[in-house]
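Below you'll find the structure, written out as structure tokens, and then a few comments.
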Amino acid sequence: MPEFDRFTLAIVDNTADREGASDGHSRYGAYIAHHAGHFHEDHQPLRPIEFAAAAWRTATSPVMAPGYVAVRPDLDRVEVYVDHDGGAQFCAKVGLRHSALANRPTGRSLAWERAPWSRTNEPWPVLVAPERTDRPAVLVTATVLLPIPDGILITPTTAWPGRVLTDEAKTVVLALAEYANAHLSPLVADLLGGAR
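Every number in my numbering is 328 more than the matching position in the sequence shown, counting from 1.
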């Protein structure tokens, strides 16, 4: 499992991608080929924003498991999407425990729990709904949105799977991961306040 820290939300692993590739080049490239319809519109290359969204979606779980991009396990998901104005956005879903809230739910309501398969000392545990059903549960999830600047997006030169499209997808995914680590992770860290 990749080593995450407080300011690392996404890790790109080119070594595992190459070592796990059936063609000796890229396991991610095989997933792009399998989802080829997501990488073109009427057999034409996608616009940069749509290309970034398709490349990120294909590189992360649940499409790739394990993903070409590993996302810190305590986050429900980190997605790239095209917003209403046609810009690119990161959308991170972060489960919050009641202790992270200024005004905690009153009474004996249940909250997110550490997944039973998580190690006790794991700093970024997967949070799951409580197994008990005899009491109410208040499960708080924060949505963090972050605009992605056009400058890190690229225009693909092809609509067809192969090494060129794979390399272009890898380039944009790496840029997105670096941007998420630099700009999205501080927002998530502030939200969590260092407590898990």
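By construction, the Cβ of each residue, glycine as well, lies at the ideal position given by its N, Cα and C atoms.
Note that the structure is predicted; figures quoted are calculated from it, not measured.
Provide the residue(s) that pair with residue i in DSSP beta bridges, ordered along the chain.
i	result
Y409	Q417
L429	Answer by DSSP bridge pairing: none, since L429 is not bridged.
P475	Q417
R442	L455
Identify whether residue i lies in helix, strand or coil by the three-state DSSP scheme.
i	result
L512	helix
D345	helix
H368	strand
L519	helix
V466	coil
V501	helix
R334	coil
P492	Note on residue identity: the sequence assigns Val, not Pro, to residue 492. Of the three classes helix, strand and coil, the one that applies to V492 here is helix, per DSSP.
A487	coil
Is the beta carbon of residue j closer than 9 Å to that of residue i?
i	j	result
P475	G415	yes
T386	V399	no
A364	R355	no
T461	G423	no
Using 8 Å as the Cβ pair cut-off and three pairs as the minimum, do the region 353 to 366 and the region 492 to 499 touch? yes
Would you be able to state if there are at least three C-beta pairs under 8 Å between the region 442 to 459 and the region 501 to 512? no
Should the region 423 to 438 be regarded as contacting the region 461 to 468, the criterion being three or more beta carbon pairs within less than 8 Å? Yes, the region 423 to 438 touches the region 461 to 468.
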